[in-house]
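Quick note: the sequence shown uses numbering that gives the first Met the number 0, first residue 0, plus one each step. Quick reminder that beta carbons are idealized off the backbone N, C-alpha and C, glycines included. The structure displayed is predicted, hence computed values, not measured ones.
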Amino acid sequence: MKLYYAPDTCSLSPHIVLRELALTFELVKVDNGSKRTADGRNFRLINPKGYVAALELDDGKILTEGPAIVQYLADLKPESRLAPPAKSWERVRLQEWLNFITSEIHAGSALLFNKALPDDVLAIFREKLFRRFDYLQTTLDEKAYLLGASFSVADAYLFTVLGWCKLFNIELDRWPALVAYRARISARPAVQAALLAEASQ
């Protein structure tokens with residue numbers, strides 16, 4: 000398999016999951032500006048949407064969209080318990096969290112990258128994002144991970160998008176449960192390996 004990624008993007012989430020599962024894969028860096036891969040290919044021919052992450056399977060099929068990718072990967076090794084079994088109530092809860100992270104945290108944060116927006120508009124989006132952080136604070140004050148006691152693919156995704164706060168000068172100290180959560184996930188060997196690999200390429 001090949002994972003097409005760019006640093007400081009949501010592609011870190013499937014990268015972490017690949018390492019958690021100890022799957023064999025190749026990392027292919029994508030330049031977000033030029034849309035070229037590190038080996039000179041036009042990334043839009045791989046993913047016409049033009050953004051990472053994209054997972055290329057050994058048979059040449061391409062899968063895009065992080066929540067779909069991480070669930071696909073987890074199901075390759077169900078014994079890992081990174082995703083609850085298909086058709087279970089717990090799996091629906093996982094999908095609920097993945098949708099919340101996508102629509103409320105990922106999309107809400109992505110707006111802050113837009114330097115063309117006036118400060119007063121950015122302030123509105125920041126406050127909306129902070130209300131979502133308030134909700135996460137309440138949730139993670141009561142349990143170690145989003146689904147309870149064990150790490151899941153949803154945690155890899157939330158860890159990734161919370162990491163963008165440093166790019167927006169957002170301090171998480173206001174939400175101590177999120178600080179503790181990030182520290183807990185940062186300590187995982189797979190997470191450390193993924194961050195190191197992306198920093199060294």
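Helix, strand or coil for residue i per DSSP?
i      : result
GLU19  : helix
ASP30  : strand
ARG35  : strand
GLY147 : strand
GLU95  : helix
GLU89  : helix
GLU25  : strand
TRP163 : helix
LYS127 : helix
LEU205 : Outside the shown range of the chain (0 to 200) lies residue 205, about which nothing can therefore be said.
Sort out for me which residues DSSP pairs residue i with in a bridge.
i     : result
GLU55 : LYS1 and ILE61
ASN41 : ARG35
Answer yes or no: do residue i and residue j have a C-beta to C-beta separation smaller than 9 Å?
i      : j      : result
LEU2   : GLU25  : yes
ALA155 : PRO13  : yes
ALA85  : VAL152 : no
ILE15  : ALA189 : yes
Quick one: residues in its chain with C-beta nearer than 7 Å to the C-beta of residue i, no 5 flanking neighbours on either side, listed in chain order?
i     : result
LEU17 : LEU2, PHE24 and LEU72
Taking 6 Å as the limit between beta carbons, can you name the residues of its chain near residue i, skipping five residues before and five after?
i      : result
PHE158 : ILE184
Using a Cβ-Cβ cutoff of less than 8 Å, which residues in the same chain neighbour residue i once the five nearest sequence positions on both sides are dropped?
i     : result
LEU20 : LEU72, ALA73, LEU75, LYS76, SER79 and LEU81
Original post:
So does the segment 49-65 actually touch the segment 107-114, counting three or more Cβ pairs closer than 8 Å?
Top reply: No, the segment 49-65 is not in contact with the segment 107-114.
Original post:
Is it a yes or a no for the segment 60-71 touching the segment 113-126, going by three-plus beta-carbon pairs under 8 Å?
Top reply: The segment 60-71 is not in contact with the segment 113-126.
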